[in-house]
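For what it's worth, this note's numbering labels the leading residue of the sequence shown as 4, then goes sequentially.
One structure is given below, encoded as structure tokens.
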Amino acid sequence: MNGFEKRRQQKRDSILNAALELFKQHGYHKVSIAEIAKSASVAESSIYNFFNNKDNLKLELMRKLLYEDCARTMNISASRDPVQLKLEKLLMSKITLFKNFSVHFPLESSGMGIITEELSVDQDYHHAILNLIEDGKREGVFIESITTNAMAAYFDIIRYYFIHNPDSTAIFDNNPEFAGEMYSLFLNALLKK
Numbered sequence: 004m005n006g007f008e009k010r011r012q013q014k015r016d017s018i019l020n021a022a023l024e025l026f027k028q029h030g031y032h033k034v035s036i037a038e039i040a041k042s043a044s045v046a047e048s049s050i051y052n053f054f055n056n057k058d059n060l061k062l063e064l065m066r067k068l069l070y071e072d073c074a075r076t077m078n079i080s081a082s083r084d085p086v087q088l089k090l091e092k093l094l095m096s097k098i099t100l101f102k103n104f105s106v107h108f109p110l111e112s113s114g115m116g117i118i119t120e121e122l123s124v125d126q127d128y129h130h131a132i133l134n135l136i137e138d139g140k141r142e143g144v145f146i147e148s149i150t151t152n153a154m155a156a157y158f159d160i161i162r163y164y165f166i167h168n169p170d171s172t173a174i175f176d177n178n179p180e181f182a183g184e185m186y187s188l189f190l191n192a193l194l195k196k
């Protein structure tokens with residue numbers, strides 16, 4: 004990447020980071036392009052050049068966050084941690100991801116569906132989940148009679164629940180014991196007794 008491309012990428016990243024922070028503070032609908040430009044120290048025209056409009060900026064930011072989560076999932080799966088710790092990290096990363104979405108982005112927008120469809124066919128993400136399941140089977144952690152496909156579907160069901168029930172993540176903030184109970188339920192469905 005030459006100097007021009009590097010500066011261009013830095014400017015684009017600055018816009019995305021500024022937008023995320025402002026959406027966190029004020030909500031998507033209350034933030035203007037002008038406020039994002041000021042926070043990112045760029046001209047408004049730069050935002051329009053990169054994203055065309057605020058909705059496209061939101062979609063790109065959502066895409067970026069989801070792909071970062073996908074990378075975290077792959078790193079968790081590839082780590083040398085015991086499977087139970089990997090599962091805990093995976094569940095907590097999903098709760099955090101969807102909590103951020105429910106608070107900062109209106110999920111009624113069609114963009115979430117488009118982006119989650121992109122991720123649902125992402126081979127690397129599913130490969131990481133399948134590797135995690137296979138590691139658990141090799142370690143003798145998972146219930147042997149449950150197939151890998153059934154376990155993968157279970158992970159998808161949990162992800163679907165959080166995507167389509169954005170208010171559910173607030174329960175974790177208000178009731179830490181509930182988070183522990185959910186983690187126990189999550190594990191008890193998969194782990195040998």
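Ideal Cβ placement from N, Cα and C applies to all residues, glycine included.
Since we're looking at a predicted model, the values are computed, not measured.
Give me whichever residues DSSP pairs with residue i in a beta bridge.
{"i": "L194", "result": "F145"}
Please work out which residues of its chain come closer than 6 angstroms, Cβ to Cβ, to residue i, disregarding the five sequence neighbours upstream and downstream, and give them in chain order.
{"i": "S112", "result": "Caution is warranted here: a pLDDT of 47 is assigned to S112, below 50, making its placement in the model unreliable, and the coordinate value is therefore given only provisionally. The answer is none, since no qualifying residue turns up."}
{"i": "K100", "result": "This sequence places Leu at residue 100; Lys is not what is there. Around L100: D72."}
{"i": "S17", "result": "A43"}
{"i": "F181", "result": "I174"}
{"i": "Y2", "result": "Shown here, the chain extends from 4 to 196; a query on residue 2 therefore has no answer."}
Leaving aside the five residues before and after residue i along the sequence, list all residues of the same chain whose C-beta is less than 8 angstroms from its C-beta, in chain order.
{"i": "Y128", "result": "C73, T76, M77, L122"}
{"i": "E142", "result": "P85, V86"}
Taking DSSP as the reference, what is the three-state secondary structure of residue i?
{"i": "N152", "result": "helix"}
{"i": "S82", "result": "coil"}
{"i": "S35", "result": "coil"}
{"i": "N177", "result": "helix"}
{"i": "S171", "result": "helix"}
{"i": "S49", "result": "helix"}
{"i": "S96", "result": "helix"}
{"i": "S187", "result": "helix"}
{"i": "S44", "result": "coil"}
{"i": "L64", "result": "helix"}
Where does the unbroken alpha helix (DSSP H) through residue i begin, and where does it stop?
{"i": "A22", "result": "6-29"}
{"i": "N56", "result": "No alpha helix (DSSP H) contains N56, which DSSP labels as neither H nor E."}
Could you pull out every residue in the same chain whose Cβ sits closer than 7 angstroms to the Cβ of residue i, ignoring the five residues on either side in sequence?
{"i": "L133", "result": "T151, A155"}
{"i": "A192", "result": "Y157"}
{"i": "D138", "result": "V86"}
{"i": "I39", "result": "I18, A21, A22, L25, I50"}
So, under 8 angstroms CB-CB, residue i and residue j are touching, yes? Tell me the CB distance rounded to an integer number of Å.
{"i": "K2", "j": "V45", "result": "Past the boundaries of the shown model lies residue 2; the chain is included only from 4 to 196, so the question cannot be answered."}
{"i": "K92", "j": "I79", "result": "5 angstroms"}
{"i": "L25", "j": "L64", "result": "About 11 angstroms separates the two Cβ atoms, so there is no contact after all."}
{"i": "L90", "j": "L188", "result": "With 8 angstroms as the limit, L90 and L188 do not qualify as a contact, their Cβ atoms being about 12 angstroms apart."}
{"i": "S171", "j": "Y163", "result": "S171 to Y163, Cβ: 12 angstroms. No contact."}
{"i": "K61", "j": "I36", "result": "Not confirmed; about 11 angstroms, so no contact."}
{"i": "F145", "j": "K196", "result": "With 8 angstroms as the limit, F145 and K196 do not qualify as a contact, their Cβ atoms being about 11 angstroms apart."}
{"i": "K97", "j": "I136", "result": "Between I136 and K97 the Cβ distance is about 15 angstroms, and since that is not below 8 angstroms, they are no contact."}
{"i": "Y186", "j": "L94", "result": "6 angstroms"}
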